[in-house]
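A.B. asks:
Residue numbers (this note's numbering): 121 to 401.
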């Protein structure tokens with residue numbers, strides 16, 4: 121399968137210029153994003169294959185496992201290639217499989233940044249994203265603590281996850297925001313306004329769940345006819361559409377399978393016509 125990540129273009133995060141098609145590592149945990157992967161050795165092989173294929177942007181979070189995901193990344197890839205950006209997140213607490221609770225107290229965010237540095241074996245986090253805004257803590261205090269950590273050299277860039285334009289702009293009044301990670305794909309466009317705002321402001325937009333948890337990849341996918349026309353798989357078309365949607369978009373498809381990883385990255389060689397992009401969009 122042909123893969124050409126340079127053809128996807130680049131974005132700059134954490135002082136690194138990275139290909140726009142990255143990898144989301146969340147799938148490399150147990151059911152409910154809880155506990156270790158079913159096959160530890162395969163998870164390590166997947167991560168190493170990610171880098172072998174040229175991906176230099178990996179997304180993770182302290183809550184994936186929790187902690188398991190970051191530990192796997194260190195085991196598989198440390199010492200890291202110089203051009204590799206590892207983006208992680210803090211601000212979501214796990215109390216069991218499928219259970220997530222926002223915690224944005226400044227002292228907690230500081231603790232988790234320090235622990236992510238230790239788990240990843242890094243001196244600085246390239247991109248630290250506030251995983252969720254905690255409604256019980258003033259946004260300015262949450263973002264302000266991340267700014268303090270960046271000023272101390274522990275974070276290179278700050279990002280947000282699942283925010284509105286209003287929340288993004290409130291955060292930007294505290295400090296610069298490099299990225300926004302919201303759920304967005306061909307069939308879920310709730311964040312259209314946020315994406316358009318990011319494009320105007322030069323902020324990287326990281327769409328998670330880019331193939332709708334596999335719904336866009338299976339039989340009956342709404343992109344099936346376009347996939348057939350261009351000689352690609354539905355998941356590749358869904359990813360190619362995102363790449364064509366805006367130059368600030370950097371999808372992070374995730375998988376625990378090397379075969380699916382290679383298929384997803386094959387989207388880098390899929391070219392959609394303007395008419396196909398409009399038809400899908």
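For glycine and all other residues, C-beta sits at the position ideal for the given N, C-alpha and C.
Owing to the predicted nature of the structure, the values given are computational and were not obtained by experimental measurement.
Decide if residue 349 is buried, meaning its Cβ has at least 16 other Cβ atoms within 10 Å, or exposed.
C.D. replies: Here residue 349 is taken as the residue at index 229 of the chain shown, counted from 1. Residue 349 comes out exposed.
A.B. asks: Tell me residue 151's beta-bridge partners as DSSP assigns them.
C.D. replies: Position 31 of the chain shown, counting from 1, holds the residue named residue 151. DSSP, once it has assigned bridges, lists no residue as partnering residue 151.
A.B. asks: How about residue 119 and residue 386: are their beta carbons less than 9 Å apart?
C.D. replies: Residue 119 is absent from the structure shown; the chain starts at 121 and stops at 401.
A.B. asks: Is residue 297 helix, strand or coil when you go by DSSP?
C.D. replies: Position 177 of the chain shown, counted from the first residue, corresponds to residue 297. Three-state DSSP puts residue 297 in coil, outside helix and strand.
A.B. asks: Are residue 167 and residue 197 close, meaning C-beta to C-beta below 9 Å?
C.D. replies: Taking the first residue of the chain shown as 1, we reach residue 167 at position 47. Taking the first residue of the chain shown as 1, we reach residue 197 at position 77. Yes; because the gap between Cβ atoms is below 9 Å, this pair is in contact.
A.B. asks: Span of the alpha helix (DSSP H) holding residue 274?
C.D. replies: The count along the chain shown starts at 1 and reaches residue 274 at position 154. No alpha helix (DSSP H) contains residue 274, which DSSP labels as neither H nor E.
A.B. asks: For the segment 205 to 279, which segments carrying the alpha helix (DSSP H) assignment without a break, of at least 4 residues, lie completely within its bounds, in sequence order?
C.D. replies: You should have 226 to 240, 259 to 271.
A.B. asks: For residue 352, count the other beta carbons within 10 Å of its own beta carbon; 16 or more makes it buried, fewer makes it exposed. Which is it?
C.D. replies: Locating residue 352 in the chain shown gives position 232, counting from the first residue. By the neighbour-count rule (16 or more Cβ atoms within 10 Å), residue 352 is buried.
A.B. asks: How about residue 177 and residue 133: are their beta carbons less than 9 Å apart?
C.D. replies: Against the chain shown, residue 177 aligns to sequence position 57. Against the chain shown, residue 133 aligns to sequence position 13. Yes, Cβ-Cβ distance for residue 177 and residue 133 is below 9 Å.
A.B. asks: Three or more beta-carbon pairs under 8 Å between the segment 200 to 213 and the segment 150 to 168, yes or no?
C.D. replies: The segment 200 to 213 is not in contact with the segment 150 to 168.
A.B. asks: Label residue 126 either buried or exposed according to how many other C-beta atoms from any shown protein chain fall within 10 Å of its C-beta, with 16 as the threshold for buried.
C.D. replies: Taking the chain shown and counting its residues from 1, the one referred to as residue 126 is at position 6. By the 10 Å Cβ count, residue 126 comes out exposed.
A.B. asks: Name the DSSP bridge partner or partners of residue 308?
C.D. replies: By one-based count along the chain shown, residue 308 stands at place 188. BP columns for residue 308 point to 305.
A.B. asks: Around the Cβ of residue 122, are there at least 16 other Cβ atoms within 10 angstroms (buried) or fewer (exposed)?
C.D. replies: Looking up residue 122 in the chain shown gives position 2. The residue is exposed, with fewer than 16 neighbouring Cβ atoms inside 10 Å.
A.B. asks: Determine contact between the segment 322 to 339 and the segment 303 to 311, defined as no fewer than three beta-carbon pairs at a distance below 8 Å.
C.D. replies: Contact between the segment 322 to 339 and the segment 303 to 311 is present, because at least three Cβ pairs lie under 8 Å.
A.B. asks: Among the candidates 392, 380, 299, 251, whose CA atom is the shortest distance from the CA of residue 369?
C.D. replies: On the chain shown, residue 369 is found 249 positions in, with the first residue counted as 1. Checked all of 392, 380, 299, 251; the closest Cα to residue 369 is 299.
A.B. asks: With residue 138 as the anchor, note down where its beta strand (DSSP E) starts and where it stops.
C.D. replies: Counting from 1 along the chain shown, the entry for residue 138 is found at position 18. Where residue 138 is concerned, the enclosing beta strand (DSSP E) stretches over 136 to 139.
A.B. asks: Less than 9 Å between the C-beta atoms of residue 175 and residue 141, yes or no?
C.D. replies: Counted from its first residue, the chain shown places residue 175 at position 55. Counted from its first residue, the chain shown places residue 141 at position 21. Cβ atoms of residue 175 and residue 141: closer than 9 Å.
A.B. asks: Less than 7 Å between C-beta atoms, sequence neighbours within five positions excluded: which residues of the same chain meet that for residue 186?
C.D. replies: Taking the chain shown and counting its residues from 1, one reaches residue 186 at position 66. Taken in chain order, the residues that qualify are 214.
A.B. asks: Taking the beta carbon of residue 320 as the centre, do at least 16 other beta carbons fall within 10 Å, making it buried, or is it exposed?
C.D. replies: Position 200 of the chain shown, counted from the first residue, corresponds to residue 320. By the 10 Å Cβ count, residue 320 comes out exposed.
A.B. asks: Is the beta carbon of residue 261 closer than 9 Å to that of residue 230?
C.D. replies: Counting from 1 along the chain shown, the entry for residue 230 is found at position 110. Counting from 1 along the chain shown, the entry for residue 261 is found at position 141. Not in contact: residue 230 and residue 261 (Cβ atoms no closer than 9 Å).
A.B. asks: Can you tell which of 374, 136, 301, 336 has its C-alpha closest to the C-alpha of residue 209?
C.D. replies: The residue given as residue 209 occupies position 89 in the chain shown. Cα-wise, what sits closest to residue 209 is 301.
A.B. asks: Just confirm the distance between the C-beta atoms of residue 233 and residue 248, as a whole number of angstroms; I'd bet it's less than 8 Å.
C.D. replies: In the chain shown, counting from the first residue as 1, residue 233 sits at position 113. In the chain shown, counting from the first residue as 1, residue 248 sits at position 128. Contact holds; Cβ gap of about 6 Å.
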